[in-house]
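Engineer: Residue numbers (our numbering): 9 to 332.
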Ligand code: PMP
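So this is what it looks like as structure tokens:
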């Protein structure tokens, strides 16, 4: 028997979200002689396939309860794909329409899935995000172009980190019986790290929160606006705090580990071939960072929980030179 939703007939899609399983990576650890224990939280068990189902549902529920969203309304946001897919699936299950602004470098598989849900996708050139004020500008543009739509605003909506504080964090605490020493995740909006990290620290103040971020060679520049990127996550170190997503709370973060996309992709392959778990590139990134933590002798026997946000099947049609 699994640990996910089971044991009854559910009435609606949103009831299938959350309670994703933790899997201890015994073979992966043994193969590398790692002193620390690695435990993966596998978010592709969510019904629309990623960690983003959690925030999409929390945001829609909040908007319904506060009377800002009614049947037939349109939902808009800026997304690197997973939030869009999650919002679109929930929108379909509740009778809303959806329109998303997405960088034109995201995986073609994600665009196909959005299309299948009947979503309108507005492509935004990747160079646009090089502008330090990109987040503010895109937010203003979305509000201007869609005055009648409900803007879910995943980058700054406080319901996003709250969903992780209320669910992702408590699930980890419950399923490890409080035996957790590290939480490792990436930062897109910052919701996961800020919400789940804050919850775990409230239970056990010496839990360490670690961010995996893209290193220099995996970031777009003026000269190379389309490098091989880690879909869904951004650099947070050495960035003007004013320019970080509103939902990123740097005060809960103890360490930031940078890596290149090629390392993330190698880790994806290793996890698939050693444990049978096939995840997306940002999961490869978080596991790579978690592996560094687990390899430190002072972390012998410590439990490192690593969030794996989505499935590798969402990236299969990337150009092969981008697949590693
Ligand atoms: N990985 C992937 C693939 C994502 O889509 C996202 C969200 N953009 C993240 C990681 C980061 O999650 P968060 O927004 O909670 O920081």
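Just so it is clear, CB atoms sit at the ideal spot from N, CA and C, and this is done for glycine as well.
Kindly say whether residue 70, judged by its beta-carbon, lies nearer than 8 Å to any beta-carbon of chain D.
Structural biologist: In the displayed structure, chain D is absent; only one protein chain is listed.
Engineer: Reducing DSSP to helix, strand and coil, say where residue 213 ends up.
Structural biologist: Counting from one through the chain shown, the residue named residue 213 turns up at place 205. Secondary structure of residue 213 (DSSP, three-state): coil.
Engineer: Please report the straight-line C-alpha distance between residue 31 and residue 227, rounded to a whole angstrom.
Structural biologist: Taking the first residue of the chain shown as 1, we reach residue 31 at position 23. Taking the first residue of the chain shown as 1, we reach residue 227 at position 219. So the two alpha carbons sit approximately 31 Å from each other.
Engineer: Between the alpha carbons of residue 22 and residue 108, how many angstroms are there, rounded?
Structural biologist: As a first step, residue 22 is located in the chain shown; it is residue number 14 there, counting from the start. As a first step, residue 108 is located in the chain shown; it is residue number 100 there, counting from the start. About 20 Å.
Engineer: Going by DSSP, what residue range makes up the beta strand (DSSP E) through residue 131?
Structural biologist: Position 123 of the chain shown, counted from the first residue, corresponds to residue 131. Residue 131: member of the beta strand (DSSP E) spanning 128–132, first to last residue.
Engineer: What would DSSP say about residue 221, mapped onto helix, strand or coil?
Structural biologist: The residue given as residue 221 occupies position 213 in the chain shown. Residue 221: strand per DSSP, three-state reduction.
Engineer: Cβ of residue 201 versus every heavy atom of the ligand PMP: is any distance shorter than 7 Å?
Structural biologist: For this step, residue 201 is matched to residue 193 along the chain shown. Result yes, Cβ under 7 Å from the ligand PMP.
Engineer: If we require 3 or more residues per run, which beta strand (DSSP E) segments fall completely within the region 225–272?
Structural biologist: Fully enclosed beta strand (DSSP E) runs of 3 or longer: 263–267.
Engineer: Report back the beta-carbon spacing between residue 167 and residue 70 to the nearest angstrom; my notes put them in contact at under 8 Å.
Structural biologist: Counting from one through the chain shown, the residue named residue 167 turns up at place 159. Counting from one through the chain shown, the residue named residue 70 turns up at place 62. Sure, about 5 Å apart at Cβ, within 8 Å.
Engineer: Please list the segments of the beta strand (DSSP E) lying wholly inside the region 297–332, counting only runs of 3 or more residues, in order along the chain.
Structural biologist: 311–316
Engineer: Comparing the CB of residue 292 with every heavy atom of the ligand PMP, is any distance shorter than 7 Å?
Structural biologist: One-based indexing of the chain shown puts residue 292 at position 284. Every heavy atom of the ligand PMP is 7 Å or more from the Cβ of residue 292, so no.
Engineer: Please find out if some non-hydrogen atom of the ligand PMP comes closer than 7 Å to the beta-carbon of residue 317.
Structural biologist: Reading the chain shown from its first residue, position 309 is the one you call residue 317. Correct: residue 317 has its Cβ closer than 7 Å to the ligand PMP.
Engineer: Closer than 7 Å to a non-hydrogen atom of the ligand PMP - does that hold for the CB of residue 254?
Structural biologist: Stepping through the chain shown from its first residue, residue 254 is reached at position 246. No, the ligand PMP has no heavy atom inside 7 Å of this Cβ.
Engineer: Quick test of your reading: residue 37 and residue 311, contact by CB under 8 Å. State the CB separation rounded to the nearest angstrom.
Structural biologist: Position 29 of the chain shown holds residue 37. Position 303 of the chain shown holds residue 311. Rounded, the Cβ-Cβ distance is 11 Å, inconsistent with contact.
Engineer: Taking the continuous beta strand (DSSP E) assigned at residue 82, which residues delimit it?
Structural biologist: If you number the chain shown from 1, residue 82 lands on position 74. Counting along the chain, the beta strand (DSSP E) containing residue 82 begins and ends at 82–86.
Engineer: Just the Cα atoms here: how many angstroms apart are residue 137 and residue 198?
Structural biologist: Taking the first residue of the chain shown as 1, we reach residue 137 at position 129. Taking the first residue of the chain shown as 1, we reach residue 198 at position 190. Near 17 Å, if we compare the C-alpha coordinates of residue 198 and residue 137.
Engineer: Does the Cβ of residue 10 have 16 or more other Cβ atoms within 10 Å, making it buried, or fewer, making it exposed?
Structural biologist: Position 2 of the chain shown, counting from 1, holds the residue named residue 10. Because residue 10 sits at a pLDDT of 49, beneath the cut-off of 50, its placement in the model cannot be relied upon, and the following sentence gives the value as read from the coordinates. Exposed, by the Cβ-count rule.
Engineer: So, residue 204 versus residue 242, is the Cβ gap smaller than 8 Å?
Structural biologist: Here residue 204 refers to the residue found at position 196 of the chain shown. Here residue 242 refers to the residue found at position 234 of the chain shown. Their beta carbons are not under 8 Å apart, which means residue 204 does not touch residue 242 by this criterion.
Engineer: What residues are listed by DSSP as bridge partners for residue 106?
Structural biologist: In the chain shown, the residue the question calls residue 106 occupies position 98. The partner list for residue 106 (beta bridge, DSSP) reads 83.
Engineer: Under three-state DSSP, which class holds residue 78?
Structural biologist: For this step, residue 78 is matched to residue 70 along the chain shown. Of the three classes helix, strand and coil, the one that applies to residue 78 here is coil, per DSSP.
Engineer: Excluding the 5 residues flanking residue 135 on each side, which residues of the same chain have their C-beta closer than 6 Å to its C-beta?
Structural biologist: Within the chain shown, the letter at position 127 stands for residue 135. Cβ neighbours of residue 135 beyond the five flanking positions: 233.
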